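Numbering (this note's numbering), first residue to last: -11 to 303. For every residue, glycine included, the Cβ atom is placed at its ideal position computed from N, Cα and C. All figures in this text were calculated on a predicted structure; none of them were measured in a lab. These notes are about the structure you will find just below.
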Amino acid sequence: MRTLDPVVLFFLLGLTAGIARTELRLPPAIYDFLTILLLLAIGLKGGVELANQSPLGILPQVGAVLLIGLLLPLLAYPVLRYVGRLKRPDAASIAAHYGSVSVGTYAVAVAYLAFQQVEFEQYMPVLLVLLEMPAIVVGILLARGVGGGTKWGELAREVILGKSVVLLLGGLAIGWIAGPVGVQPIEPLFMGLFKGVLALFLLEMGLLAAGQVGSLRKHGVFLVAFGIGMPLVGAVIGGTVGLLLGLSLGGTAMLATLIASASYIAVPAAMRMSVPEANPTLSLAASLGVTFPFNILVGIPLYLRLAEYLHTLGG
């Protein structure tokens, strides 16, 4: 009988401590260090896998996730604008968050699938990086229109040179160039300590998620319903696309998880620069206060069950 993954318990500890308003906090420097380790570890694993295969072999997957990244904000925006009755900038900003992806959720999914002894395609970090970007462009266009005066050069620099993208792409490049043999000397740090680093990262994420509870009380039940409903819709889309692309059971579950996640790092920074009139509290309350905890506690196991069901239907 498999027990609950301990990294999830660390998240629950942080969430409980935050709601109880304890003095527990990770120093900012420690949190930054943990984030750097996680991003580089994820990139290295993907880069090593790329070294073992032709990049041309994943072009269908790349095209599919880019298309999904463009379409998801367009799916979310009308719901936010006309059902939730949010202002146009707020609806566009939240839609961009849900068209992008959460690195933290991906890291937990990696640990969970390993815990369940389910393998998946190791080039997923490539798709993770690609999903960061299209939704940002669509979100800005939804907020401002085509001629909205957006400084696209500055925005591209902000996104491409952002910490998460640089570290993921850097890790991919290092893993690809060094190959499986070359990365062996650094495996104890980046691979061997992965779950321990993830546990401490989730402890801090629990504390951050608890900080959004007040915003959810203020803005009503709509963001809670959207923050749960949108990931479920995204998971069905991602799982179905994964099956059509011929991904393994684990790969299908991982793609479902990626599409079901919502950004709380790259997109907030981009929206703050390009759509400053949008209220960041609303976006973070939904993505970090609702969707992230839901995916960590319920969603990821559910998406694996969804992948199993889809693979059963697909024969």
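Give every residue of the same chain whose Cβ lies closer than 6 Å to the Cβ of Gly227, excluding the five residues on either side of it in the sequence, and list them in chain order.
Numbered from its first residue, the sequence shown carries residue 227 at position 239. Exclusion of the five residues before and after Gly227 leaves Thr240, Ala244, Leu294, Ala295, Leu298 as the residues of its chain whose Cβ lies within less than 6 Å of its Cβ.
By alpha-carbon positions, which one of Arg76, Ile162, Tyr86, Leu231 ends up nearest to Leu276?
Position 288 of the sequence shown, counted from the first residue, corresponds to residue 276. For Leu276, the nearest C-alpha among the options comes from Tyr86.
Apart from the five residues just before and just after Ala83, which ones in its own chain have a Cβ nearer than 7 Å to its Cβ?
Mapped onto the sequence shown, residue 83 falls at position 95. Within the same chain, Ala83 has close Cβ partners Pro61, Ala64, Tyr65, Leu68, Gly127, Leu130.
Helix, strand or coil at Ala81 [DSSP, three-state]
Taking the first residue of the sequence shown as position 1, residue 81 is located at position 93. What sits at residue 81 in the sequence shown is Ser, not Ala. If DSSP states are grouped into helix, strand and coil, Ser81 belongs with the helices.
Near Val263, which residues of its chain fall below 6 Å by C-beta distance, leaving aside the five closest residues on each side in sequence?
Position 275 of the sequence shown holds residue 263. Once the five neighbours on either side are set aside, the close Cβ partners of Val263 are Pro77, Ser81, Ala131.
Between Gly184 and Pro113, which are expected to be in contact by the criterion C-beta below 8 Å, what is the C-beta distance as a whole number of angstroms?
Here residue 184 refers to the residue found at position 196 of the sequence shown. Here residue 113 refers to the residue found at position 125 of the sequence shown. No, Gly184 and Pro113 are not in contact; Cβ-Cβ is about 20 Å, not under 8 Å.
Leaving out five residues on either side along the sequence, give the residues of the same chain with a beta carbon under 6 Å from the beta carbon of Val278.
As a position in the sequence shown, residue 278 is number 290, starting the count at 1. The answer, listed in chain order, is Val212, Gly215.
Can you list the alpha helix (DSSP H) stretches of 4 or more residues lying completely in the segment 230 to 262, in chain order?
Here the runs fully enclosed are 237 to 248, 254 to 262.
Less than 7 Å between the beta carbons of Ile165 and Tyr111, yes or no?
Locating residue 165 in the sequence shown gives position 177, where the first residue counts as 1. Locating residue 111 in the sequence shown gives position 123, where the first residue counts as 1. No, Cβ-Cβ distance for Ile165 and Tyr111 is not below 7 Å.
Taking all protein chains shown into account, decide if Ser308 is buried (16 or more other Cβ within 10 angstroms of its Cβ) or exposed.
Lying before the first or after the last residue shown, residue 308 is absent from the chain, which here runs from -11 to 303.
Taking the alpha carbon of Trp18 as the reference point, which residue from Leu188, Ile288, Gly6, Thr269 has its own alpha carbon closest?
Counting from 1 along the sequence shown, the entry for residue 18 is found at position 30. Checking the sequence shown, residue 18 turns out to be Ile, not Trp. Taking only the C-alpha atoms, the option nearest Ile18 is Leu188.
So, for Tyr291: in the same chain, excluding its five sequence neighbours on each side, which residues have a beta-carbon less than 6 Å away from its beta-carbon?
Taking the first residue of the sequence shown as position 1, residue 291 is located at position 303. Non-local beta-carbon contacts of Tyr291 in its own chain, meaning distances under 6 Å to residues more than five positions away in sequence, involve Ala223, Ala241, Ala244, Thr245 in chain order.
Could you pull out every unbroken alpha helix (DSSP H) segment of at least 4 residues lying fully inside the segment 92 to 163, listed in chain order?
Counting only unbroken stretches of 4 or more residues, the alpha helix (DSSP H) elements lying wholly within the segment 92 to 163 are 112 to 119, 122 to 132, 140 to 148, in sequence order.
Start-to-end residues for the alpha helix (DSSP H) that takes in Lys183:
Indexing the sequence shown from 1 puts residue 183 at position 195. In the DSSP annotation of this structure, the continuous segment of the alpha helix (DSSP H) that includes Lys183 starts and ends at 182 to 198.
Run the CB neighbour count on Val(-4), radius 10 Å, all protein chains shown included, and call it buried at 16 or more, exposed below.
What you label residue -4 is simply residue 8 of the sequence shown in a count that begins at 1. Label assigned to Val(-4): buried.
If we require 4 or more residues per run, which alpha helix (DSSP H) segments fall completely within the segment 32 to 82?
47 to 66
Quick check: Leu156 and Val117, are their CB atoms within less than 7 Å of each other?
For the purposes of this step, residue 156 is identified with residue 168 of the sequence shown, where counting begins at 1. For the purposes of this step, residue 117 is identified with residue 129 of the sequence shown, where counting begins at 1. Yes, the pair counts as a contact, with Cβ atoms nearer than the cut-off.
When you compare only the Cα positions, how much space is there between Met121 and Gly141?
Translated into the one-based positions of the sequence shown, residue 121 becomes position 133. Translated into the one-based positions of the sequence shown, residue 141 becomes position 153. Rounded to the nearest angstrom, the two C-alpha atoms are 14 Å apart.
Leu3 and Ala198 - do their beta-carbons sit closer together than 7 Å?
Here residue 198 refers to the residue found at position 210 of the sequence shown. Here residue 3 refers to the residue found at position 15 of the sequence shown. A contact, by the Cβ cut-off of 7 Å.
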